């Protein structure tokens, strides 16, 4: 199973553990990834509402670059936003001839071209569910996640709109549940599984953004979830990165780690947590994973914070004032 | 009738229960369509013998339409499926005999779809008008008409015929 | 001998004459070969118009008539009758549609005239090859088969039986009663459903003219109107009906409890040997072999041990009954929409989400909770109940149709809740559909009684609480369109008003009887406005919800209507079979049997001794498919034979000039 691989900006930095765990898991499961050469940002969510031609040219450049991987007509994107953008661009350019024409000219200016319909854009979840399949996954499991209560969280983008959700029920998708079950985990019947995480709302209106995150975390907590499994870096960032801020905002005390589903797959296949990027998450998964006997190396302690009334002087770092 | 424009003559076989009623509905609703079509009522699209179609072409029709009930809605339960099968065979044969596509058309229209039928009629008339008069003998003339006809066949059938230059 | 054709061009006021030059057209027709009389007249369908035709037939010795007027669907009968009364066989008349097919759809008058000339020309050539035909009278057997023992079927059966005609009722379940027997009360009168139904059920069970075949299905139907042969499979009850007294001791003693998925809608239990409900007709219980210990392991036999009259027969087998039937009424009812398909309502996942049918069983005093409205735990009384309308109705993703009864049922539920509990009840609706007698007043009444109404489609029913007040409740998320706000309302119980759907096997059952279903799955009536109980197949009628969603009064009315039609036919004694049928000419038939499988009405059989095929004219519906298929052209279709249609084609193309220079020759009229 060979694919072009489109990591997207998030997987470079804040979702680096998604990238690391995906690559590690891929080779074990017989998937061969060839990264798209010189890919660029997909434009995430807002650009399309500002300038159609520019936005779709930006996205289509990635598709054009992907065609350079000769013989590979499938492009896998682990990030839901990248996936939706690439897939939507391919569909829209195929339907809107005038837009396709303008975008074509933009690409041509860079010596590139893309014929809509020539690539199949897939989400990583779909590839694992359809191409690898539950049987192969189950066979690869050596350390089942028995006793770990995992809530499958799809987020809103992968199941809507229906032209790309592979027939999943947008209100109640089940592919991730089945994958987690195959890993031996206790799958939580999470009612918020396809509800929006708020996207960028934390930057626009904290009240709204945090409330949306609170609902999701509370929903998981109500069902005694140990770990939330995500498939999208934005969701992961909101639920993990902003969990502390949300707690402070509402004076709550939730502590539910949020991991990528590929990290859990790696763990179940007996890989070391460090190799899956576990330990990088902000809400630590150590306690949850200790429950199933997996030790997570503690993060190296950062420099201790200086107390307010500390009058001591800093130690020299280089030559005492010498430039 | 204008002298500059070619006016095709199209014969339509309409099934009594659905498509004929659709034509009636188009009439009651005063939906206008071009008069190039002349209709024959049969009880069912399954009644349409391929020889009727050939007869119509040979007598001067430039196009033939067979209209019936939507699959699953045939008054006689499943006879429009038989019409469908015959149409496929007939279309294939006509193409092989050098006739252009679109001169024969199979159209489903339920009794409530007067608009669908009148739109289909107008569309077909324009398509046949663009093809010009059916000049069957001309297509088989010694000057490569035979070869041109073979070339119009779907690829796999042309290969099967193994026509040499 | 050549024919004498009379052509009559109708003006139809200005409907035809306004666009087509009828005088010119009549002149043109008069010059066609074979035409001796050609007239135009303002209104051919009027009595004067018809007299014109009659006079010419008698005085001028016309042998064929062509009427150029409106659509044959309107007046073909009229002119056929006019010809018949003047002494000319009605099938020697041909109508040409000059109105719907020419004047009403063509703008250019000159072009309209050209088209009209071609259509008349076609008709004139065709009519000269038409033949005299006579319809065949067939006797009508007074036996009627009613399939389905719901309220529509029951009504039909009782009316026929009271008129003195024998009725055979076939019902799939062990008892008649249908869905109406499951309900608690009926709207708007709030009559107890069983109380008004059971007297009728009892009448059916005891009527000397009705033979009730319960726990039975129709296996095969052959024949034609007035003369059907029906094979019925009586499934093995495991109980001998002659010996059983209906005492019910077997049911009491049976140790196996099973969830009753049918009558109790999955909410209650029954035994392995059971009656669906106490007032079941007939009273004989049935052994559910799939769940009976004896059939599984060979042990138990408690029912046999305790039966005082020795009526248990474990080795009983299905038996078959062959009946001669004159007419059949299908009253097979409906299935409930599966609310699990709409996962956002949580049915099947969230314990206290119920369907309307489940709620009926809760309210019913003979139901699993003795009529107490309680939550799924069987104990707790809800303090707040939400009724979600249009679940699986008015929904493009599932069923687009309105199910006609759920709004009224929701009002009824509201009343029952307020009568039996202290709970608040809220309806979430799109529209309140209360069309019939006293329905709107019932809606008024419920508003006065304090039922709450929120106009908006429910987006979601969830247990994911956002605020402390929502904890432990079912939250209904809805856009309240009258207030213009999104609302989240907490409830203890949510009832989904699931829609009515055609039976899962409706298409298959329909084909068994020779009728079809429309694209949405309900049986197809002959005419949705003017003939809702007849079908395209003579002798087969439909009644009740199987024709489309409707309430009890309408189902009863349709049952009565179907019965009345059949009574008319039986009283008449004979029915006329249209002569537009196909015939196989033995001498030309090679016995290839290509035609045999083409007939969906099984009208074609193969006569092995003669090695030819044969068409039963009474079964033939005249579609002509076999006529077109016969490679030897050994089959002729009356009134639509090859010569007639070819002549019509020639006439229509009378003005076409071939590319190779020739004009078609005029048709040679057979000597």
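Residue numbers (our numbering), protein chains in the order written: chain A, 865 to 1187; chain B, 982 to 1146; chain C, 85 to 755.
Idealized CB from N, CA, C, for every residue including glycine.
Small disclaimer: the values here were computed from a predicted structure and weren't measured.
Answer with yes or no whether the minimum CB distance from residue 1009/B to chain C is below 8 Å.
Reading the second chain from its first residue, position 28 is the one you call residue 1009/B. Taking Cβ atoms only, chain C reaches closer than 8 Å to residue 1009/B, which makes this a yes.
Please tell me whether residue 1047/B has its Cβ less than 8 Å away from any Cβ of chain C.
Within the second chain, residue 1047/B is the residue found at index 66, counting from 1. No, no contact with chain C.
Using a cut-off of 9 Å between C-beta atoms, extract the partners of residue 1085/A located in chain C.
Sequence index remark: in the first chain, residue 1085/A carries index 221 (1-based). The premise fails here: residue 1085/A is roughly 11 Å from chain C at the closest Cβ pair, so nothing lies under 9 Å.
Ignoring anything shorter than 3 residues, give me the beta strand (DSSP E) runs that lie fully in the stretch 180–236 of chain C, in order along the chain.
220–223, 228–231
Whole angstroms is fine: what's the gap from residue 250/C's alpha carbon to residue 410/C's?
Here residue 250/C refers to the residue found at position 166 of the third chain. Here residue 410/C refers to the residue found at position 326 of the third chain. Answer to the nearest angstrom: the Cα atoms are 10 Å apart.
Here's the rule: buried if 16 or more other CB atoms are within 10 angstroms of the residue's CB, otherwise exposed. What is residue 978/A?
Position 114 of the first chain, counting from 1, holds the residue named residue 978/A. It counts as buried.
Cβ-based burial, residue 1089/A [other Cβ within 10 Å; buried from 16]
Within the first chain, residue 1089/A is the residue found at index 225, counting from 1. Buried, because 16 or more other Cβ atoms sit within 10 Å of the Cβ of residue 1089/A.
Within 8 Å (strictly less), CB to CB, does residue 1152/B reach chain C?
Look at the range of chain B in this structure, 982 to 1146, and you will see that residue 1152/B is not part of it.
Which residues in the same chain have their Cβ closer than 6 Å to the Cβ of residue 919/A, if we skip the five residues on either side of it in sequence?
By 1-based counting over the first chain, the position of residue 919/A is 55. These residues qualify, in order along the chain: 907, 911, 912.
So is residue 473/C buried or exposed if we call it buried at 16+ other beta carbons inside 10 Å?
Translated into the one-based positions of the third chain, residue 473/C becomes position 389. Buried, by the Cβ-count rule.
Quick one: residues in its chain with C-beta nearer than 7 Å to the C-beta of residue 434/C, no 5 flanking neighbours on either side, listed in chain order?
Here residue 434/C refers to the residue found at position 350 when the third chain is read from its first residue. Taking C-beta separations shorter than 7 Å and ignoring five residues to either side along the sequence, the partners of residue 434/C in its chain run 545, 547, 558, following chain order.
Distance cutoff 8 Å, beta carbons only. Does residue 1118/A sit that close to anything in chain C?
Position 254 of the first chain, counted from the start, is the residue given in the question as residue 1118/A. Judged by the 8 Å Cβ criterion, residue 1118/A is not in contact with chain C.
Mind checking whether residue 939/A and residue 1027/A have CB atoms under 8 Å apart?
The count along the first chain starts at 1 and reaches residue 939/A at position 75. The count along the first chain starts at 1 and reaches residue 1027/A at position 163. Contact flag unset, no.
May I ask you to report which of helix, strand or coil DSSP gives residue 539/C?
Within the third chain, residue 539/C is the residue found at index 455, counting from 1. Residue 539/C falls in the strand class under three-state DSSP.
Taking residue 576/C as the reference, which of 133/C, 554/C, 270/C has the closest Cα?
For the purposes of this step, residue 576/C is identified with residue 492 of the third chain, where counting begins at 1. Among 133/C, 554/C, 270/C, the Cα nearest to that of residue 576/C belongs to 554/C.
Mind the definition here: the stretch 531–538 of chain C touches the stretch 497–514 of chain C only if three or more C-beta pairs lie below 8 Å; say whether that holds.
yes
Chain-order list of residues whose beta-carbon lies under 6 Å from that of residue 267/C (same chain, five-residue window excluded)
Your numbering for residue 267/C matches position 183 in the third chain. Closer than 6 Å at the Cβ level, and outside the excluded window around residue 267/C, lie 277, 444.
Identify the continuous beta strand (DSSP E) that holds residue 1048/B and give its terminal residues.
On the second chain, position 67 is the one that residue 1048/B refers to. For residue 1048/B, the enclosing beta strand (DSSP E) begins and ends at 1044–1049.
Interface residues of chain C around residue 1036/A at Cβ under 7 Å?
The sequence position of residue 1036/A within the first chain is 172, counting from 1. By Cβ distance, chain C contributes 427.
Would residue 631/C be called buried (16 or more neighbouring beta carbons within 10 Å of its own) or exposed?
What you label residue 631/C is simply residue 547 of the third chain in a count that begins at 1. So residue 631/C counts as buried.
Decide if the stretch 386–404 of chain C is in contact with the stretch 207–222 of chain C; the criterion is three or more beta carbon pairs, one per stretch, under 8 Å apart.
No contact exists between the stretch 386–404 of chain C and the stretch 207–222 of chain C.
Kindly list, in the order they appear in chain B, the residues whose Cβ is closer than 9 Å to that of residue 155/C.
By one-based count along the third chain, residue 155/C stands at place 71. Within 9 Å Cβ-Cβ: 1001, 1002, 1004, 1005, 1008, 1009.
Taking Cβ-Cβ distances below 7 Å as the criterion, which residues of the stretch 668–696 of chain C are in contact with chain B?
682, 684
Name the one or two DSSP bridge partners that residue 408/C has.
As a working mapping, residue 408/C is identified with position 324 in the third chain. Note: residue 408/C sits in a beta bridge opposite 313/C.
Let me check understanding here. Comparing Cα to Cα, which of 709/C, 714/C, 201/C, 587/C lies closest to residue 738/C?
Against the third chain, residue 738/C aligns to sequence position 654. Checking every option, the nearest Cα to that of residue 738/C belongs to 201/C.
What residues in its chain sit with their C-beta under 7 Å from that of residue 368/C, if we drop five residues either side in the sequence?
The count along the third chain starts at 1 and reaches residue 368/C at position 284. Around residue 368/C: 321, 323, 325, 328, 330.
Work out the CA separation of residue 1040/A and residue 428/C for me, nearest whole Å.
The residue given as residue 428/C occupies position 344 in the third chain. The residue given as residue 1040/A occupies position 176 in the first chain. Residue 428/C and residue 1040/A: Cα-Cα distance of roughly 18 Å.
Give me, in chain order, the residues of the same chain whose beta-carbon lies closer than 7 Å to that of residue 119/C; leave out the 5 immediate sequence neighbours on both sides.
Start at 1 with the first residue of the third chain, and residue 119/C comes out as number 35. Excluding residues within five positions, the ones whose Cβ falls inside 7 Å are 89, 91, 113, 208.
Three-state secondary structure (DSSP) at residue 131/C?
What you label residue 131/C is simply residue 47 of the third chain in a count that begins at 1. Here residue 131/C sits in helix by DSSP.
With DSSP as the reference, label residue 287/C as helix, strand or coil.
For this step, residue 287/C is matched to residue 203 along the third chain. Three-state DSSP puts residue 287/C in a helix.
Going by DSSP, what residues sit across from residue 1088/B in a beta bridge?
To locate residue 1088/B, count along the second chain from 1; it is residue 107. According to DSSP, which records beta bridges pairwise, residue 1088/B is partnered with 1048/B.
Are the Cβ atoms of residue 234/C and residue 417/C separated by less than 8 Å?
By one-based count along the third chain, residue 234/C stands at place 150. By one-based count along the third chain, residue 417/C stands at place 333. Against a cut-off of 8 Å, the Cβ pair of residue 417/C and residue 234/C comes out as a contact.
Should residue 668/C go down as buried or exposed, given a rule of 16 or more other Cβ atoms within 10 Å for buried?
Counting from one through the third chain, the residue named residue 668/C turns up at place 584. It counts as buried.
Determine, for residue 1124/B, whether the minimum Cβ-Cβ distance to residues of chain C falls below 8 Å.
Reading the second chain from its first residue, position 143 is the one you call residue 1124/B. Here the model assigns residue 1124/B a pLDDT of 48, short of 50, so the residue's position is not dependable and the matter cannot be decided.
Start and end residues, beta strand (DSSP E) containing residue 1082/B:
The residue given as residue 1082/B occupies position 101 in the second chain. Unbroken run through residue 1082/B: none, as it is neither H nor E.
Tell me whether the beta-carbon of residue 1076/B lies closer than 8 Å to the beta-carbon of residue 1045/B.
Locating residue 1076/B in the second chain gives position 95, counting from the first residue. Locating residue 1045/B in the second chain gives position 64, counting from the first residue. No, the pair does not count as a contact, with Cβ atoms beyond the cut-off.
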